[in-house]
Amino acid sequence: MKRYKLDGTFYFCPVDLTLSVIGGRWKGIVFWNLRNGPKRYGEMKKALVGINDKMLSQVLKELEKKGVVNRKVHELIPPKVEYSLTEEGEKLLPLMHQMSEWGSKFEVL
3 MKRYKLDGTF YFCPVDLTLS VIGGRWKGIV FWNLRNGPKR YGEMKKALVG
53 INDKMLSQVL KELEKKGVVN RKVHELIPPK VEYSLTEEGE KLLPLMHQMS
103 EWGSKFEVL
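In this text, residue positions in the sequence shown follow my numbering: the first is 3, and each later residue adds one.
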């Protein structure tokens with residue numbers, strides 16, 4: 003049986019591994035919000051209706067730990083922090099686009 007490892011965790015199914023990265027209530031939505039380029043925390047907070055500060059911070063840390071989001075601190079006063087997709091994160095975009103297309107079929111007019 004094949005095994006897969008990401009961030010110190012072993013998986014027996016590559017789909018399970020992928021869902022550990024983008025699955026859950028907010029991870030996929032935060033990830034999708036970064037698809038068009040870097041964003042600051044405040045920009046994401048405004049765009050993600052219903053998410054609180056604690057959850058957004060937690061999700062960004064999880065995505066960073068999984069290696070799909072990069073956190074860049076610009077040494078300014080006040081400090082400026084931007085989040086963006088890593089090269090590995092960019093590789094997930096085709097999958098996310100397909101998921102978006104499939105979900106769009108259920109739009110309520």
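Beta carbons are placed, not taken as given, at the ideal position from N, Cα and C, and that holds for glycine.
Just so it is clear, the structure is predicted and the values come from calculations on it, not from any experiment.
query, result
"Alpha carbon to alpha carbon, how far is Phe33 from Val61? Give it in angstroms, no decimals.", "9 Å"
"Quick check on this structure: which residue in Ser106, Glu89, Gly69 and Ile31 has the alpha carbon closest to the alpha carbon of Lys7?", "Gly69"
"For a test of your reading of the model: does the CB of Ser22 fall under 7 Å from any non-hydrogen atom of the ligand ATP? Yes or no.", "As far as ligands go, the structure on display features none, and thus does not contain the ligand ATP."
"Tell me which same chain residues have a C-beta within less than 8 Å of the C-beta of Gly39, skipping the five on either side of it?", "Ser86"
"Comparing C-alpha positions only, which one of Arg5, Met3 and Val23 sits nearest to Glu66?", "Val23"
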